[in-house]
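Q: Under our numbering, think of the first position of the sequence shown as 60, with each following residue one higher. Got a structure here, written out as structure tokens. Questions coming.
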Amino acid sequence: MMRLPWFRFESPRSVAEAARILEGEGPGAVLIAGGTDLLPNMKRRQQAPQVLVSLSRVEGMKAVEDGAGLTLGGGLTLAEVIGTAGLRARYPGLWQAASQVATAQLRNMGTLGGNLCLDTRCSYYDQNHEWRKAIGFCMKRDGETCWVATASKRCLAVSSTDCAPALIALGASVRLESTAGERDVALADLYRNDGIDYLTRRPGEILTRVLLPDAAEWTSTYWKLRRRGSFDFPVLGVAAAAKLAPDGSITEARVALGAVSSHPFLTRAGEFLAGKRLTDEVIAEAARMVASRAKPMDNTDFDVYWRKEVVAEFTGYALRERRGDDMDAVRLRTARRTL
Ligand SMILES: Cc1cc2nc3c(=O)[nH]c(=O)nc-3n(C[C@H](O)[C@H](O)[C@H](O)COP(=O)(O)OP(=O)(O)OC[C@H]3O[C@@H](n4cnc5c(N)ncnc54)[C@H](O)[C@@H]3O)c2cc1C
Ligand code: SF4
């Protein structure tokens, strides 16, 4: 049995109090929300914080503010996000992404903020302490070598959050609060392409809100590749959002990728699609552009060359669905459910 290391538990009631504790304790203190990512990491000794600062009793972390756009508290569980009134109709890409995270039990515990700050993953890293010790550890924790690419100066662990690419495609930003005040950053800018230092979040900052812009005239979708239909981390996530003109042409679009590098990111396909109709040729060209940006590494499930190839396929599925094609059969084949 893997046991948790010793830690002190703090349960503040306000964001200000949580921020004060984080500042006072310094790097030895870590935020915990649902704990579904952090606690397994601690059991594997990938992280051993001295203090856990819980967000579960912090007032306002579960706020939902509905207006032209939608604001979601970082402390909402994924089950609560999925159940938010109107979310499925207005932001289907986020609904589909959140619905495919892990299992129902984990979605009842895991939060939106935790999902966006999820640790990066790697088959040489997501192992118990003894396993990692046997290979001399690796650069991400306690070692010096990257076993995925021994010449690499940087850790190539994979960003595996489902909600981040969906939210990036939707143009979302996040609010970060600390003792120094608050700032809003575009969600894409929260991430860094570095498996160790994967967030631009400053020490002591708490992700309190996810801010979604007005979705009027926008449609969105999320396509996830994973081995098991029941639950599995993504080995590819393609998120597309498009604003359509009455004649069916695209006014504005965003296509984001997840799980093919150390950060989820926006591709340039959106710029290419603007002003065009989604013909088969346009979809094929956009899919090629998106696939050219994917750099999957051999540190997660499935063959790495096949994973690269399948990016274009999945981008095509997402765009054909936005065009109005009936994609239920393809969804059923890839996700084992129609969504
Ligand atoms: C078996 C299994 C399968 C899984 N499958 C998936 C999957 O398919 N897709 C997927 O995306 N995830 C998956 N997960 C990961 C995880 O369950 C979810 O991502 C969940 O949403 C994480 O949220 P949490 O509240 O539990 O995070 P926690 O474990 O509490 O925290 C995760 C990290 O985020 C930080 N953090 C948490 N909240 C905040 C905040 N408000 N501000 C700043 N930092 C914060 C913590 O300090 C920690 O570093 C899986 C986990 C397991 C165990
Ligand atoms: S990518 Fe390399 S350094 Fe990063 S976790 Fe994997 S083996 Fe370790």
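Glycine included, every Cβ here is placed at the ideal spot set by N, Cα and C.
#1: What span of residues does the alpha helix (DSSP H) with V117 cover, start to end?
#2: Go through its chain and collect everything with a Cβ distance to Y257's Cβ below 7 Å, but skip five positions before and after it.
#3: Assuming contact is defined by CB atoms lying nearer than 8 Å, are K199 and C181 in contact in what I supplied?
#4: Could you pull the start and end residues of the beta strand (DSSP E) that A299 belongs to?
#5: Considering only C-alpha positions, which residue in the set N358, L270, Q159, V233 is nearest to T397?
#6: Starting from R35 and walking both ways along the alpha helix (DSSP H), at which residues does that stretch end?
#7: Count the other C-beta atoms from every protein chain shown that fall within 10 angstroms of the C-beta of A304, then say buried if there are 16 or more, exposed otherwise.
#8: Please say whether T326 and V349 have beta carbons closer to each other than 8 Å?
#9: Would you say the beta carbon of V269 is closer than 7 Å to some non-hydrogen atom of ligand 1?
#10: With distances taken from each beta carbon to the nearest heavy atom of ligand 1, which residues come in below 5 Å, in chain order?
#11: Identify the continuous beta strand (DSSP E) that holds T67 and give its terminal residues.
#12: Name the one or two DSSP bridge partners that E236 has.
#13: Checking 8 Å against the spacing of the C-beta atoms, do L284 and F373 come in under that value?
#14: So which of V233, R347, A148, T143 has the shortest CA-CA distance to N174?
#15: Return helix, strand or coil for S279, following the three-state DSSP convention.
A: Result, derived from the coordinates:
#1: Along the sequence shown, read from residue 1 onward, the residue named residue 117 stands at position 58. Per DSSP, V117 belongs to no alpha helix (DSSP H) and is neither H nor E.
#2: Taking the sequence shown and counting its residues from 1, the one referred to as residue 257 is at position 198. T179, S218, Y250, R251, S321, H322.
#3: Along the sequence shown, one-based indexing puts residue 199 at 140. Along the sequence shown, one-based indexing puts residue 181 at 122. A contact, by the Cβ cut-off of 8 Å.
#4: By one-based count along the sequence shown, residue 299 stands at place 240. Element bounds for A299: 295–303.
#5: For the purposes of this step, residue 397 is taken as residue 338 along the sequence shown, with counting starting at 1. Of the candidates N358, L270, Q159, V233, the one whose C-alpha sits nearest the C-alpha of T397 is Q159.
#6: Because the chain spans 60 through 398 in this model, residue 35 falls outside it and cannot be assessed.
#7: Against the sequence shown, residue 304 aligns to sequence position 245. Looking at its Cβ environment, which holds fewer than 16 other Cβ atoms inside 10 Å, A304 is exposed.
#8: The count along the sequence shown starts at 1 and reaches residue 349 at position 290. The count along the sequence shown starts at 1 and reaches residue 326 at position 267. Contact flag set, yes.
#9: Counting from one through the sequence shown, the residue named residue 269 turns up at place 210. No.
#10: V89, L90, I91, A92, G93, G94, T95, D96, L97, G133, V160, A161, L165, G169, T170, G172, G173, N174, C176, L177, T220, D221, I265, L266, F292
#11: For the purposes of this step, residue 67 is identified with residue 8 of the sequence shown, where counting begins at 1. According to the sequence shown, residue 67 is Arg rather than Thr. R67 -> beta strand (DSSP E) spans 67–69.
#12: As a position in the sequence shown, residue 236 is number 177, starting the count at 1. Paired residue(s): E241, I265.
#13: Sequence index remark: in the sequence shown, residue 284 carries index 225 (1-based). Sequence index remark: in the sequence shown, residue 373 carries index 314 (1-based). Cβ atoms of L284 and F373: closer than 8 Å.
#14: Here residue 174 is taken as the residue at index 115 of the sequence shown, counted from 1. The option with the nearest alpha carbon to N174 is V233.
#15: Stepping through the sequence shown from its first residue, residue 279 is reached at position 220. Residue state, collapsed to three classes: strand.
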